[in-house]
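Visitor: A single structure is presented below for examination.
2 protein chains.
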Amino acid sequence: MSHTVPSAGIRRARKQRTRRALLDAALRLLEHQSLSGLGLREVTRAVGVAPAAFYRHFESTAELGVALVEEALDGLHDTIAAILADTRESRDGERIDRTVDLIARHVRDRPAHIRFIIRERHGGVRPVREAIGAQLRRFAEEVAVECARHPDTRGWSEDDLRMLGGVYVDQMVMTASGFLDAVEEEDPEAAAERVASVARRRLRLINLGRRHWLG
Amino acid sequence: MSHTVPSAGIRRARKQRTRRALLDAALRLLEHQSLSGLGLREVTRAVGVAPAAFYRHFESTAELGVALVEEALDGLHDTIAAILADTRESRDGERIDRTVDLIARHVRDRPAHIRFIIRERHGGVRPVREAIGAQLRRFAEEVAVECARHPDTRGWSEDDLRMLGGVYVDQMVMTASGFLDAVEEEDPEAAAERVASVARRRLRLINLGRRHWLG
DNA sequence: GCATTCAGTGTACGAGTGTTCACTGAACGA
DNA sequence: TCGTTCAGTGAACACTCGTACACTGAATGC
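Chains as they are written, first to last, in our numbering: chain A, 19 to 233; chain Z, 19 to 233.
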């Protein structure tokens, strides 16, 4: 009976719980403002905890921002991996459809994370900006590696492959941003479908360019 | 002697002068933070003027932000027009080179304006965000109109042309952002050349896709 | 010349900010 | 069982913030 809860981590768990609460509250507050304007007191007030408690978890809101970057981009990384794996065997047309659908779903599932990433990618807080930039560059690299397996890119230089990976990642981010903006329009579903349509055609354009890159 | 200064606008001119000073000071302060974190007092302090004087020109920092958007995008519009006009007769290769050069020059000439636009495009202040979005959409429209004159896009639908215009404008903004980031690296000139090289290849990729869009 | 306009001043207000520090009390390890 | 650890408290610190209001004095128009 006693050792079923092996004497460990009630404290650690409690701490984790308020840490999560801080992150969640911050994420919610960041939907309508940017990180450089987010106050430490504002966050603790939303959680219902004393301001000083904040320091037990982060030494500044910038550091909290970096933590948010990590969890947001972990999620995005999973989606990218899913896109790459899921569409590896598809024909070109349905591959594009599937990609855009997966982006739409990701945005629907984690809108606040995505909004945060897009807002802070060029935001006023350097460490956050750099963390996002570094991660996105890593994603581009991974996409480039996957691209190399495709017959259309046979014989490409590494540099050109990296360029192409970057194009896809940027395209993905812009599409996500579009889906995010869509929900604020008067007919969100129609707007989202418009975004999806443009995204599909952009990808088709890029793929056509890729096919004719050499010779 | 007396009517050489025709009794007009000494007041108006003085007002304009401090208005400019407010805009310039804000622009400088915004290089290291975002608009939602910019304080009215901070701006007036930088200009050397009483806080209340701010209200003679803007009713909030958001309104000042919108003014900045307008002047920043006027400048960008001129550069886009220059790109479209200047490269109308060129062959494809040098057209791309010229385009990228003009973007690089624009960023070198007005770095603060560009940084502001890129930062606030997805920033926390709605009216500013929307002003930027609307203007960029207008630019895309203009580029689309110009694209329609090109033989490669003969027979394209209006929707596809708009899509293409958007691709070019987004590409331009991303390139500008790249040039901006380049100056912060240890070898800025090399970084800028790397950005330029990637931008040129991206444009080449897009142009290849454009050429093979139909059939 | 004179009354009017108005860009900019100076002071004051209440409210919110980040950070500190001594503290409490429950979870912990031995 | 008992001393230690440490997440969270609450009060106080010295700021900064946006806004209001009565004001000054030079430019202005009649």
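Note that the Cβ used here is the ideal one computed from N, Cα and C, for glycine as well.
Quick one: Cα of Z:Arg106 to Cα of Z:Leu221, how far?
Guide: For the purposes of this step, residue 106 of chain Z is taken as the residue at position 88 of the second sequence. For the purposes of this step, residue 221 of chain Z is taken as the residue at position 203 of the second sequence. When rounded, the distance between both Cα atoms is 16 angstroms.
Visitor: Decide if A:Gly55 is buried, meaning its Cβ has at least 16 other Cβ atoms within 10 Å, or exposed.
Guide: Translated into positions along the first sequence, residue 55 of chain A becomes position 37. Counting Cβ neighbours within 10 Å, A:Gly55 comes out buried, since at least 16 surround it.
Visitor: Given that A:Gln51 touches chain Z, what residues does it touch there, using C-beta distances under 8 angstroms?
Guide: Looking up residue 51 of chain A in the first sequence gives position 33. Ordered by position in chain Z, the residues that pass the 8 angstroms Cβ test against A:Gln51 are Ser54 and Gly142.
Visitor: Report back the beta-carbon spacing between A:Ile136 and A:Leu198 to the nearest angstrom; my notes put them in contact at under 8 angstroms.
Guide: The residue given as residue 136 of chain A occupies position 118 in the first sequence. The residue given as residue 198 of chain A occupies position 180 in the first sequence. Contact flag correct, Cβ pair sits at about 7 angstroms.
Visitor: Please check if any C-beta of chain Z sits within less than 9 angstroms of the C-beta of A:Ile150.
Guide: Position 132 of the first sequence holds residue 150 of chain A. No, its Cβ sits nowhere closer than 9 angstroms to a Cβ of chain Z.
Visitor: Would you tell me roughly how many angstroms separate the C-alpha atoms of Z:Ser195 and A:Glu49, rounded to the nearest one?
Guide: In the second sequence, counting from the first residue as 1, residue 195 of chain Z sits at position 177. In the first sequence, counting from the first residue as 1, residue 49 of chain A sits at position 31. Rounded to whole angstroms, Z:Ser195 to A:Glu49 spans 23 angstroms at the Cα level.
Visitor: Mark A:Gly27 as exposed unless 16 or more other C-beta atoms lie within 10 angstroms of its C-beta, in which case mark it buried.
Guide: As a working mapping, residue 27 of chain A is identified with position 9 in the first sequence. By the neighbour-count rule (16 or more Cβ atoms within 10 Å), A:Gly27 is not buried but exposed.
Visitor: Less than 9 angstroms between CB atoms is the rule here; does Z:Met181 satisfy it with respect to chain A?
Guide: If you number the second sequence from 1, residue 181 of chain Z lands on position 163. Yes - at least one Cβ of chain A is within 9 angstroms of the one on Z:Met181.
Visitor: Grouping DSSP H, G and I as helix and E and B as strand, with all else coil, what is A:Val67?
Guide: Here residue 67 of chain A corresponds to residue number 49 of the first sequence, with the count starting at 1. DSSP places A:Val67 in coil when its eight states are reduced to three.
Visitor: Can you round the beta-carbon distance between Z:Ala149 and Z:Val84 to whole angstroms, since I take them to be within the 8 angstroms contact cut?
Guide: Numbered from its first residue, the second sequence carries residue 149 of chain Z at position 131. Numbered from its first residue, the second sequence carries residue 84 of chain Z at position 66. Between Z:Val84 and Z:Ala149 the Cβ distance is about 5 angstroms, and since that is below 8 angstroms, they are a contact.
Visitor: Note the first and the last residue of the continuous alpha helix (DSSP H) segment covering A:Pro169.
Guide: Position 151 of the first sequence, counted from the first residue, corresponds to residue 169 of chain A. Taken as a continuous stretch (DSSP letters only), A:Pro169 belongs to no alpha helix (DSSP H), as it is neither H nor E.
Visitor: Considering only C-alpha positions, which residue in the set A:Ala43, A:Leu53, A:Leu232 and A:Thr117 is nearest to A:Arg139?
Guide: As a working mapping, residue 139 of chain A is identified with position 121 in the first sequence. Taking only the C-alpha atoms, the option nearest A:Arg139 is A:Leu53.
Visitor: Closer than 7 angstroms by C-beta to Z:Ala214: which residues in its own chain qualify, once you throw out the five before and the five after it? Chain order, please.
Guide: Start at 1 with the first residue of the second sequence, and residue 214 of chain Z comes out as number 196. So the qualifying residues of the chain are Val118 and Ala122.
Visitor: If you measure beta-carbon to beta-carbon, which residues of the segment 213-233 of chain A are closer than 9 angstroms to chain Z?
Guide: Listed in sequence order: Ser215, Val216, Arg219, Arg220, Arg222, Leu223, Ile224, Asn225, Leu226, Gly227, Arg228, Arg229, His230 and Trp231.
Visitor: Specify, as a first and last residue, the run of the alpha helix (DSSP H) that Z:Phe197 falls within.
Guide: Here the question's residue 197 of chain Z lines up with position 179 in the second sequence. Start and end: Glu176 to Ala200.
Visitor: Please report the residue range of the alpha helix (DSSP H) in which Z:Ser215 lies.
Guide: Here residue 215 of chain Z corresponds to residue number 197 of the second sequence, with the count starting at 1. Counting along the chain, the alpha helix (DSSP H) containing Z:Ser215 begins and ends at Pro206 to Arg229.
Visitor: Kindly say whether Z:Ile136, judged by its beta-carbon, lies nearer than 9 angstroms to any beta-carbon of chain A.
Guide: To locate residue 136 of chain Z, count along the second sequence from 1; it is residue 118. Answer yes: the Cβ-Cβ gap between Z:Ile136 and chain A drops below 9 angstroms somewhere.
Visitor: Please determine, among A:Trp231, A:Asn225, A:Gly227 and A:Arg218, the residue with the shortest C-alpha to C-alpha distance to A:Asp115.
Guide: Numbered from 1 along the first sequence, position 97 holds the residue referred to as residue 115 of chain A. It is A:Arg218.
Visitor: To the nearest angstrom, report how far apart A:Arg172 and Z:Trp231 are at their CA atoms.
Guide: As a working mapping, residue 172 of chain A is identified with position 154 in the first sequence. As a working mapping, residue 231 of chain Z is identified with position 213 in the second sequence. Approximately 21 angstroms between the Cα atoms of the pair.
Visitor: Have a look at Z:Ala39 and Z:Val65 and give me their C-alpha separation to the nearest angstrom.
Guide: Along the second sequence, one-based indexing puts residue 39 of chain Z at 21. Along the second sequence, one-based indexing puts residue 65 of chain Z at 47. Roughly 6 angstroms separates the two Cα atoms.
Visitor: Compare the Cα-Cα distances from A:Phe76 to each of A:Ala100, A:Glu112, A:Glu207 and A:Gln34 and report the closest residue.
Guide: Locating residue 76 of chain A in the first sequence gives position 58, where the first residue counts as 1. Ranking A:Ala100, A:Glu112, A:Glu207 and A:Gln34 by Cα distance to A:Phe76 puts A:Gln34 first.
Visitor: Determine the closest residue to Z:Arg30 out of Z:Leu223, Z:Arg74 and Z:Ala103, with distance taken between C-alpha atoms.
Guide: Here residue 30 of chain Z is taken as the residue at index 12 of the second sequence, counted from 1. It is Z:Arg74.
Visitor: Using C-beta distances below 7 angstroms, list every residue in its chain close to Z:Arg155, excluding the 5 sequence neighbours before and after it, in chain order.
Guide: In the second sequence, the residue the question calls residue 155 of chain Z occupies position 137. Hits under 7 angstroms: none found.
Visitor: Measuring alpha carbon to alpha carbon, tell me which residue in A:Ser78, A:Val216 and A:Val67 is nearest A:Gly57.
Guide: As a first step, residue 57 of chain A is located in the first sequence; it is residue number 39 there, counting from the start. When each option's Cα is compared against that of A:Gly57, the closest is A:Ser78.
Visitor: Work out the CA separation of A:Tyr186 and A:Glu164 for me, nearest whole Å.
Guide: Mapped onto the first sequence, residue 164 of chain A falls at position 146. Mapped onto the first sequence, residue 186 of chain A falls at position 168. So the two alpha carbons sit approximately 11 angstroms from each other.
Visitor: Roughly how many angstroms lie between the CA atoms of A:Asp127 and Z:Gly111, to the nearest whole one?
Guide: Taking the first residue of the first sequence as position 1, residue 127 of chain A is located at position 109. Taking the first residue of the second sequence as position 1, residue 111 of chain Z is located at position 93. Straight-line Cα distance between these residues: approximately 43 angstroms.
Visitor: Interface residues of chain A around Z:Met192 at Cβ under 7 angstroms?
Guide: Within the second sequence, the letter at position 174 stands for residue 192 of chain Z. In chain order: Asp188.
Visitor: Which residues in chain A have a C-beta closer than 7 angstroms to the C-beta of Z:Ala65? List them in chain order.
Guide: Counting from 1 along the second sequence, the entry for residue 65 of chain Z is found at position 47. Here residue 65 of chain Z is Val; the residue named in the question, Ala, does not match the sequence. Simply none; closest approach about 21 angstroms.
Visitor: If you reduce the DSSP assignment to three classes, tell me which class Z:Thr105 lands in.
Guide: Here residue 105 of chain Z is taken as the residue at index 87 of the second sequence, counted from 1. Here Z:Thr105 sits in coil by DSSP.
Visitor: Return no unless some Cβ of chain Z is closer than 9 angstroms to the Cβ of A:Arg139.
Guide: Start at 1 with the first residue of the first sequence, and residue 139 of chain A comes out as number 121. By this cut-off, A:Arg139 is an interface position.
Visitor: Just to make sure I have the definition right: I need the residues of chain A whose C-beta is within less than 8 angstroms of the C-beta of Z:Val185. Which are they?
Guide: Within the second sequence, numbered from 1, the residue matching residue 185 of chain Z stands at position 167. Those are Arg220 and Leu223, listed as they occur along chain A.
Visitor: If we call anything under 9 angstroms between Cβ atoms a contact, is Z:Gly227 one with A:Ile224?
Guide: Here residue 227 of chain Z refers to the residue found at position 209 of the second sequence. Here residue 224 of chain A refers to the residue found at position 206 of the first sequence. For Z:Gly227 and A:Ile224, yes; Cβs fall inside 9 angstroms.
Visitor: Cutting at 8 angstroms between CB atoms, please list the residues of its own chain near A:Val125, excluding the five before and the five after it.
Guide: Your numbering for residue 125 of chain A matches position 107 in the first sequence. Result list for A:Val125: Ile132, Ala194, Phe197 and Leu198, in chain order.
Visitor: Who are the Cβ neighbours of Z:Gln189 in its own chain at under 8 angstroms, not counting the five residues just before and after it?
Guide: Locating residue 189 of chain Z in the second sequence gives position 171, where the first residue counts as 1. Counting only Cβ-Cβ distances below 8 angstroms, and skipping sequence neighbours, we find Ala217, Arg220, Leu221 and Ile224.
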